[in-house]
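Everything on this sheet refers to the single structure shown next.
Number of protein chains: 2
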Amino acid sequence: MPDLIRGLGASPANPGAAPPRLPFSRVTQEVLAFFRTLLPGRTITDPDLLKSSNVDWLKTVEGNSEVLLRPKTTEEVSQILRHCSERNLAVCPQGGNTGLVGGSVPVFDEIILSTSLMNQVITFDNISGILTCQAGCVLENLSNYLEERDFIMPLDLGAKGSCHIGGNVSTNAGGLRLLRYGSLRGTVLGLEVVLADGRILKCLATLRKDNTGYDLKQLFIGSEGTLGVITAVSILCPRKPKAVNVAFLGCSSFQQLLETFQYCRGMLGEILSAFEFLDASCMSLLEKHLKLTNPITESPFYIVIETAGSNATHDEEKLHQFLEEVMTSSLVTDGTVATEATKIKALWSLRERVTEALTHEGYTYKYDISLPVEKIYDLVQDMRGHLGDMAKNVVGYGHVGDGNLHLNITSPSKDPALLAAIEPYVYEWTSEWKGSISAEHGLGLKKRNYIYYSKPSEAVALMGSIKAMLDPKGILNPYKTLPDNIH
Amino acid sequence: MPDLIRGLGASPANPGAAPPRLPFSRVTQEVLAFFRTLLPGRTITDPDLLKSSNVDWLKTVEGNSEVLLRPKTTEEVSQILRHCSERNLAVCPQGGNTGLVGGSVPVFDEIILSTSLMNQVITFDNISGILTCQAGCVLENLSNYLEERDFIMPLDLGAKGSCHIGGNVSTNAGGLRLLRYGSLRGTVLGLEVVLADGRILKCLATLRKDNTGYDLKQLFIGSEGTLGVITAVSILCPRKPKAVNVAFLGCSSFQQLLETFQYCRGMLGEILSAFEFLDASCMSLLEKHLKLTNPITESPFYIVIETAGSNATHDEEKLHQFLEEVMTSSLVTDGTVATEATKIKALWSLRERVTEALTHEGYTYKYDISLPVEKIYDLVQDMRGHLGDMAKNVVGYGHVGDGNLHLNITSPSKDPALLAAIEPYVYEWTSEWKGSISAEHGLGLKKRNYIYYSKPSEAVALMGSIKAMLDPKGILNPYKTLPDNIH
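Chains A and B, in that order, give the protein sequences.
Going by UniProt numbering, the first residue of the first sequence is number 1, and it counts up by one from there.
Going by UniProt numbering, the first residue of the second sequence is number 1, and it counts up by one from there.
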């Protein structure tokens, strides 16, 4: 396990580290007794059982919580938060714990409130495609549930086997289908949320349109559990497409990849459901650590294109015309197409498993950047030149269709000199091009102090006011999302 | 002109009326002098010129403002609001003044802040399709600007010739393309907003993804100018489709219309861009008042279906197969299809001009209801039975694809007895089916006190806290959106 961030105290030299512990109360025997009565058998204090909930998926942030609560109902969450609010106890809400910015694990001894037993589908309407479920449903389970009913989830991401829909909504997860179905801000129709003081906000509407007052649910989408705990979600699900095709293509330059994207948008139009990329360095890591096979000729860049439509013949015709165009104009050097589920899955895994392959390289410095699409790979190349031999790998992959680059820099172990060469350089570069320093991962613990690179002071101050209004004691996911200093 | 709502004082019998005037300051000569220096020639006090800004489009709500300000820049808006905030002067922000709930006109003597001269496109990126413009741009002008560049606006509505994009965003306008491109909560990427005290919030991002802190722009989408004045918008625009087809069909029952909708979603899939309906009563009014011609055999229900796609041959094939299916199964009794722009426009006007036709009937009681789609016409039929001869017309039209019914009830003139028979009956009915009492029109002045039919008290209380945080003096669009009593 690499070095961990553990209550180090943030400093100008290390703004991603944890700040000093705030003066929350400690969990007492009386508090534990209350929880054990409320949640018999679901109040976990065994350190071995707590271990995995205290550490993030990347094993880079570790907390020291002594109690993990596993409520099953909204009412139980409400009672937990009322108790914690009255006693000034800090709480870390946790879904599948697959976040990449240290947002889902405690920093010190926050009580972990896990949604893992809140995993029931409440209703599904197969006319409207509206699903209502508890927050702890695993994304892949929901996908399977819907596919049996001829629908799909409007989002999909690599962590689907573990992540919870509540966590997806809390972090405004993007993923692989955003290009087609838009963000959760549009597809989430309603939320049930427990506020810091235990009040239950029932805004679990199942309507496509509702303009009655302020849209409160938006406050809880993407606020990383700092304003309330999402306990149930209603979400609009698209029909399962009748035909899905995946093409895996190679390009010899990023410029050619961008031109391919332009052709793709014009010729595939409304059936385009994903346009993703990885570079040659990602492919090497997939081959090296996961023993995956590159299905085409080696290229500097690889593209995954997915189409999803209602007429297989039409879709294949569009895809064929597109491929002919980009092959004859030499924009694409080689490629393969899959229409069969197993092969589709195999091609997708080349894109989806890059994050996993990187974890085998030692320590990974991860950046999730939004930029104008024509700039996204310049940052990777610039960073390679800037870091030289200091970094083991500098790789780029991500969502071309969304202008979203995942820049990853690896090193055999945690390396403060390397970090100092990357940051704030990467943030300054992004800010100069009016990009976002966190496109879809959120800010969590690791990125909170960099918010000013993407948001003006007035905006951050207003965020602080919202936090103070909804969680005046600051007990919900402290040390996350908002910077240590609001100025 | 029918009877107007003019500072009547809301009562349990008339909750849609205006409450008593709040103790805001009056506009003094000193205030006027300040405005005249700031906005020379753009500080309007001539009562004749003020007339049209004091009355809503439906001519049902009239204020008595004595000054209309026409700023050109965000800085001017900021100075206006700072001045008003310091002096406790109430302000009514106004776009194209096409709202249907009395949200865009003053109730008493609020200063009218018009965005009509803030009509400049700031940037347009023809790779990403991201448009940034001032809030006062007229929707149709933006549509024309984009069409010349091979893009379209993600929203379209009957009032496009007058409504402003800032007003569209402030009211979270839905309209005719929501089914395809989703709501403004997803397509609006950034906003610039002036807060009540004059502070400028610059969140005019042009990125598809940005998860750095709370998404503040959502607070201003749909809050009807009560939390801030939107001065600029950036919005993601889809490519102009290569092929557009419109079909106008007749159905003999609403059940058959719903079955047609199910076939349509399955067979047209991703190319479906609108599924709208009107009933036979609407058609009669179009013929009577606007001299429009019904292009098909008389039917109890009419459907407008639009497809928009990237391949004309494929789209026509899909549409043809769909029409054959619904004609042979007798779901549809008659129909006509248009591919040529003039004919498309003519067919669309049958749906778009219903609102206008209704204004010729005398007084119209307008309801904009979201319901599960299979219930939407039950409300119209139930209301006809309930009202009997009291109403001149009870008509239904709207967005089937969004479960959104426009229920309109006409009367030769304003009729308190009729109103008492409609309300709260219509709201209770809607609430019973967990619908929304305002799907896309907002609450404005007329519907504010009915919010509890669609939102729980806890939610309304939180809305009140947000209002108090952002506009502690309550100067921004008072008497609108939030109910008179927050309990």
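Every residue gets a Cβ at the ideal spot worked out from N, C-alpha and C, and that includes glycine.
A quick note: this is a predicted structure, and the numbers were derived from the prediction, not measured.
Inset, instruction - On a CA-only basis, which of A:Gly99, A:Asp378, A:Val31 is nearest Lys59 of chain A? Give me that one, please. - result: The residue you call residue 59 of chain A lines up with position 59 of the first sequence. The shortest C-alpha separation from Lys59 of chain A is found at A:Gly99.
Inset, instruction - Report the neighbours of Gln256 of chain A on chain B: residues whose CB is nearer than 9 Å to its CB, in chain order. - result: Here residue 256 of chain A is taken as the residue at index 256 of the first sequence, counted from 1. Chain B residues near Gln256 of chain A: none, gap ~15 Å exceeds 9 Å.
Legend entry - Inter-residue Cα distance where the pair is Leu155 of chain B and Val229 of chain B: The sequence position of residue 155 of chain B within the second sequence is 155, counting from 1. The sequence position of residue 229 of chain B within the second sequence is 229, counting from 1. If you draw a straight line from the Cα of Leu155 of chain B to the Cα of Val229 of chain B, it comes to about 21 Å.
Legend entry - Residue interval of the beta strand (DSSP E) (run including Leu227 of chain A): Looking up residue 227 of chain A in the first sequence gives position 227. Counting along the chain, Leu227 of chain A falls outside any beta strand (DSSP E), and DSSP gives it neither H nor E.
Legend entry - CB contact flag (Lys240 of chain B, Asp150 of chain B, <8 Å): Walking along the second sequence from the start, residue 240 of chain B turns up at place 240. Walking along the second sequence from the start, residue 150 of chain B turns up at place 150. Cβ atoms of Lys240 of chain B and Asp150 of chain B: closer than 8 Å.
Inset, instruction - Figure out for me which residue from B:Thr187, B:Leu207, B:Thr430, B:Asn88 has the closest Cα to the Cα of Glu405 of chain A. - result: Reading the first sequence from its first residue, position 405 is the one you call residue 405 of chain A. The sequence given here places Leu at residue 405 of chain A; Glu does not occur at that position. Checked all of B:Thr187, B:Leu207, B:Thr430, B:Asn88; the closest Cα to Leu405 of chain A is B:Leu207.
Inset, instruction - Assign Thr37 of chain B to buried or exposed, taking buried as 16 or more other Cβ atoms, counted over all protein chains shown, within 10 Å of its Cβ. - result: Numbered from its first residue, the second sequence carries residue 37 of chain B at position 37. With fewer than 16 other Cβ atoms within 10 Å, it is exposed.
Inset, instruction - Determine the direct distance from the alpha carbon of Leu49 of chain B to that of Glu62 of chain B, and round the result to whole angstroms. - result: Position 62 of the second sequence, counted from the first residue, corresponds to residue 62 of chain B. Position 49 of the second sequence, counted from the first residue, corresponds to residue 49 of chain B. If you take the alpha carbons of Glu62 of chain B and Leu49 of chain B, they lie about 14 Å apart.
Inset, instruction - Residues of the stretch 425-451 of chain B with a CB closer than 9 Å to any CB of chain A: list them in chain order, please. - result: Taking 9 Å as the Cβ-Cβ cut-off, the stretch 425-451 of chain B approaches chain A at Lys434, Gly435, Ser436, Ile437, Ser438, Ala439, Glu440, His441, Gly442, Leu443, Lys447, Arg448, Tyr450, Ile451, given in chain order.
Legend entry - Rounded straight-line distance, which links the Cα of Trp433 of chain A to that of Gly335 of chain B: Your numbering for residue 335 of chain B matches position 335 in the second sequence. Your numbering for residue 433 of chain A matches position 433 in the first sequence. Cα-Cα distance, rounded: 52 Å.
Inset, instruction - Counting only runs of 4+ residues fully inside the stretch 422-485 of chain B, write out the alpha helix (DSSP H) ranges in chain order. - result: 425-432, 457-470
Inset, instruction - Would you verify that the beta carbon of Tyr397 of chain B is, or is not, closer than 8 Å to some beta carbon of chain A? - result: Along the second sequence, one-based indexing puts residue 397 of chain B at 397. Not closer than 8 Å to any Cβ of chain A, the Cβ of Tyr397 of chain B fails to qualify, so no.
Inset, instruction - For Arg384 of chain B, collect the residues of the same chain with a Cβ closer than 6 Å to its Cβ; drop the 5 residues on either side in sequence, then sort them by chain order. - result: Taking the second sequence and counting its residues from 1, the one referred to as residue 384 of chain B is at position 384. The beta carbon of Arg384 of chain B sits closer than 6 Å to those of Val394, all from its chain and outside the five residues before and after it, given in chain order.
Inset, instruction - Taking Ile122 of chain A and Leu68 of chain A to be in contact with their CB atoms under 8 Å, please state how far apart those CB atoms are, rounded to whole angstroms. - result: On the first sequence, position 122 is the one that residue 122 of chain A refers to. On the first sequence, position 68 is the one that residue 68 of chain A refers to. Not a contact, Cβ separation roughly 24 Å.
Inset, instruction - Let me know the secondary structure DSSP gives Asn408 of chain B once reduced to three states. - result: Taking the second sequence and counting its residues from 1, one reaches residue 408 of chain B at position 408. Here Asn408 of chain B sits in strand by DSSP.
Inset, instruction - Have a look at B:Asp210, B:Glu361, B:Ser454 and flag the residue whose alpha-carbon is nearest the alpha-carbon of Lys414 of chain B. - result: For the purposes of this step, residue 414 of chain B is taken as residue 414 along the second sequence, with counting starting at 1. Of B:Asp210, B:Glu361, B:Ser454, the residue nearest in Cα terms is B:Glu361.
Inset, instruction - Have a look at the DSSP bridge pairing and note the partners of Cys133 of chain B. - result: Working through the second sequence from its first residue, we reach residue 133 of chain B at position 133. Its beta-bridge partners are B:Val121, B:Val233.
Legend entry - Outcome for Leu305 of chain A when other beta-carbon atoms lying within 10 angstroms are tallied against a minimum of 16: Looking up residue 305 of chain A in the first sequence gives position 305. The sequence given here has Ile at residue 305 of chain A, not Leu. That one is buried.
Inset, instruction - Could you tell me whether the Cβ atoms of Cys133 of chain A and Leu142 of chain A are closer together than 8 Å? - result: Indexing the first sequence from 1 puts residue 133 of chain A at position 133. Indexing the first sequence from 1 puts residue 142 of chain A at position 142. Against a cut-off of 8 Å, the Cβ pair of Leu142 of chain A and Cys133 of chain A comes out as a contact.
Inset, instruction - Just confirm the distance between the C-beta atoms of Asn168 of chain A and Arg185 of chain A, as a whole number of angstroms; I'd bet it's less than 8 Å. - result: As a first step, residue 168 of chain A must be located in the first sequence, where it is residue number 168. As a first step, residue 185 of chain A must be located in the first sequence, where it is residue number 185. In fact, because the Cβ distance is near 12 Å, the residues do not count as touching under 8 Å.
Inset, instruction - Within its chain, find whatever has a CB closer than 6 Å to the CB of Gly96 of chain B; leave out the 5 residues flanking it on each side and keep chain order. - result: As a working mapping, residue 96 of chain B is identified with position 96 in the second sequence. Excluding positions up to five away in sequence, the list reads Ser162, Cys163, His164, Gly167.
Inset, instruction - Take the Cβ of Pro93 of chain A as the centre, count every other Cβ of all protein chains shown within 10 Å, and call the residue buried at 16 or more, exposed below. - result: The residue you call residue 93 of chain A lines up with position 93 of the first sequence. Pro93 of chain A comes out buried.
Legend entry - Three or more C-beta pairs below 8 Å linking the stretch 249-263 of chain A and the stretch 298-317 of chain A: yes
Inset, instruction - Would you mind telling me which residues of chain B sit closer than 8 Å to Lys455 of chain A, beta carbon to beta carbon, in chain order? - result: Here residue 455 of chain A is taken as the residue at index 455 of the first sequence, counted from 1. By Cβ distance, chain B contributes Cys203, Thr212, Gly213.
Inset, instruction - State buried or exposed for Thr73 of chain A, treating a residue as buried only when at least 16 other CB atoms are found within 10 Å of its CB. - result: Counted from its first residue, the first sequence places residue 73 of chain A at position 73. When all chains shown are included, Thr73 of chain A counts as exposed.
Inset, instruction - For Lys414 of chain A, name the three-state secondary structure that DSSP assigns. - result: Position 414 of the first sequence, counting from 1, holds the residue named residue 414 of chain A. Coil.
Inset, instruction - Output yes if chain A places a C-beta closer than 8 Å to the C-beta of Glu374 of chain B; else output no. - result: Translated into the one-based positions of the second sequence, residue 374 of chain B becomes position 374. So yes, Glu374 of chain B belongs to the interface.
Legend entry - First and last residue of the uninterrupted alpha helix (DSSP H) at Phe322 of chain A: Looking up residue 322 of chain A in the first sequence gives position 322. 312-328 is the extent of the alpha helix (DSSP H) around Phe322 of chain A.
Inset, instruction - Take Ile437 of chain B and list the residues in its own chain whose beta-carbon comes closer than 6 Å to its own, dropping the five residues that flank it on each side. - result: Your numbering for residue 437 of chain B matches position 437 in the second sequence. Excluding sequence neighbours, Ile437 of chain B sits near Tyr427, Thr430, Tyr450, Tyr453, Ser454.
Inset, instruction - Flag this pair as yes or no: are the beta carbons of Leu443 of chain B and Ala18 of chain B separated by less than 8 Å? - result: Your numbering for residue 443 of chain B matches position 443 in the second sequence. Your numbering for residue 18 of chain B matches position 18 in the second sequence. Not closer than 8 Å, so no.
Inset, instruction - Tell me whether the beta-carbon of Thr410 of chain A lies closer than 8 Å to the beta-carbon of Glu224 of chain A. - result: One-based indexing of the first sequence puts residue 410 of chain A at position 410. One-based indexing of the first sequence puts residue 224 of chain A at position 224. Cβ distance not < 8 Å, so Thr410 of chain A and Glu224 of chain A don't count as in contact.
Legend entry - Interface positions of the stretch 320-344 of chain B facing chain A (Cβ-Cβ less than 7 Å), listed along the chain: Residues passing the 7 Å Cβ filter: none.
Inset, instruction - Report yes or no: do three or more beta-carbon pairs, one from the stretch 279-293 of chain B and one from the stretch 318-336 of chain B, lie closer than 8 Å? - result: no
Inset, instruction - Count the other CB atoms, across all protein chains shown, that sit within 10 Å of the CB of Ala420 of chain B; report buried if there are 16 or more and exposed otherwise. - result: Taking the second sequence and counting its residues from 1, the one referred to as residue 420 of chain B is at position 420. Looking at its Cβ environment, which holds fewer than 16 other Cβ atoms inside 10 Å, Ala420 of chain B is exposed.
Inset, instruction - Enumerate in chain order the residues of its own chain whose CB-to-CB distance from Tyr377 of chain B is below 7 Å, with the five nearest sequence positions on each side excluded. - result: Along the second sequence, read from residue 1 onward, the residue named residue 377 of chain B stands at position 377. The residues are Phe254, Gly396.
Inset, instruction - Tell me, please, whether the CB atom of Lys240 of chain B is closer than 8 Å to any CB atom in chain A? - result: Here residue 240 of chain B refers to the residue found at position 240 of the second sequence. For Lys240 of chain B, the answer is no, since every Cβ of chain A falls outside 8 Å of its Cβ.
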